[in-house]
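Following: one structure in structure tokens, then a few remarks.
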């Protein structure tokens, strides 16, 4: 809506430069004010959703770091919150959010079951599968490859530091992946939710 308003404003701005286009100039000013109001209203409505996202994602990262678990009572509300955010604030992006949830769940589920069938043990917690589905609902499908790549790089770095500090004892307990997904979500989310910086 805001983008369409600005396109119309740009057209009217060019047209207003021609002789006899005073009414177009006035229309341009009114559309500019309307677009600004729409943008402010959108930010006002979106702010509670973004606080919700940040709170739950931070909670999941800390909870996983302490317990090695990502409970459904946290991941499921985060997933539905992401879909509701797009339905209310960015309805044109809702299909991308839905596909993001499907891609996040499906991609990690394939890794989970593939590893489990091959090695008869979990290489990835199923909570991570649901958490990535929730992140996909917020960030949409096209952001997921970068998000997962960043999380993997951060996890490798964290594992390297753990090896240096704790030695081989770091190999005994599996490294929680949730905190790295949370950090990667915040990094990529800044560009998604605040594209103008």
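In full-length UniProt numbering, the protein residues as written are 1 to 197.
Ideal placement from N, C-alpha and C gives every residue a C-beta, glycine not left out.
Can you confirm whether the stretch 124-139 touches the stretch 72-83 when touching is taken to mean that 3 or more C-beta pairs between the two stretches lie within less than 8 Å? Proximity of the stretch 72-83 to the stretch 124-139 meets the contact definition, three or more beta-carbon pairs being nearer than 8 Å.
Spatial neighbours of residue 126 within its chain, please: CB distance less than 7 Å, with the 5 preceding and 5 following residues excluded, ordered by chain position. Mapped onto the chain shown, residue 126 falls at position 126. Only 112 meet the Cβ criterion.
Buried versus exposed call for residue 108 [16 or more other C-beta atoms within 10 Å across all chains shown]: As a working mapping, residue 108 is identified with position 108 in the chain shown. Burial state of residue 108 is buried, judged by a 10 Å Cβ sphere holding 16 or more other Cβ atoms.
Looking at the structure shown, is residue 24 part of a helix, part of a strand, or coil, going by DSSP? Sequence index remark: in the chain shown, residue 24 carries index 24 (1-based). For residue 24, the predicted structure reports a pLDDT of 44, less than 50, and the residue's modelled location is therefore unreliable. A value from the coordinates is still provided. DSSP places residue 24 in helix when its eight states are reduced to three.
Alpha carbon to alpha carbon, how far is residue 110 from residue 181? Give it in angstroms, no decimals. The sequence position of residue 181 within the chain shown is 181, counting from 1. The sequence position of residue 110 within the chain shown is 110, counting from 1. In this structure, the alpha-carbon of residue 181 lies about 18 Å from that of residue 110.
Taking DSSP as the reference, what is the three-state secondary structure of residue 1? The residue you call residue 1 lines up with position 1 of the chain shown. With a pLDDT of 38 at residue 1, under the threshold of 50, the predicted position of this residue should be treated as unreliable, though the coordinate-derived value follows. Reduced to three states, the DSSP call for residue 1 is coil.
Hey, how far is the Cα of residue 159 from the Cα of residue 88? The residue given as residue 159 occupies position 159 in the chain shown. The residue given as residue 88 occupies position 88 in the chain shown. Taking the CA atoms as reference points, residue 159 sits about 40 Å from residue 88.
Sequence-distant residues of its chain with Cβ nearer than 7 Å to residue 59 (five each side left out): Reading the chain shown from its first residue, position 59 is the one you call residue 59. Excluding residues up to 5 positions away in sequence, 74 lie with their Cβ nearer than 7 Å to the Cβ of residue 59 in the same chain.
Please list the terminal residues of the continuous alpha helix (DSSP H) segment that includes residue 166. As a working mapping, residue 166 is identified with position 166 in the chain shown. Residue 166 -> alpha helix (DSSP H) spans 144-166.
What span of residues does the alpha helix (DSSP H) with residue 132 cover, start to end? Stepping through the chain shown from its first residue, residue 132 is reached at position 132. Unbroken alpha helix (DSSP H) run through residue 132: 126-139.
Under 8 Å: do the stretch 92-101 and the stretch 147-161 share three or more Cβ pairs, one atom per stretch? Judged by pairs of C-beta atoms under 8 Å, the stretch 92-101 does not touch the stretch 147-161, as fewer than three such pairs exist.
Beta-carbon separation (whole angstroms), residue 70 vs residue 121, contact threshold 8 Å: Position 70 of the chain shown, counted from the start, is the residue given in the question as residue 70. Position 121 of the chain shown, counted from the start, is the residue given in the question as residue 121. About 18 Å separates the two Cβ atoms, so there is no contact after all.
Please check the pair residue 157 and residue 57, which I expect to be a contact at CB under 8 Å, by giving their CB distance rounded to whole angstroms. The residue you call residue 157 lines up with position 157 of the chain shown. The residue you call residue 57 lines up with position 57 of the chain shown. In this structure residue 157 is not in contact with residue 57, their Cβ atoms being roughly 20 Å apart against a cut-off of 8 Å.
Terminal residues of the alpha helix (DSSP H) in which residue 69 lies: The residue given as residue 69 occupies position 69 in the chain shown. Element bounds for residue 69: n/a, residue is neither H nor E.
Helix, strand or coil at residue 122 according to DSSP, with G and I counted as helix: As a working note, residue 122 is residue 122 in the chain shown. Correct three-state label for residue 122: coil.
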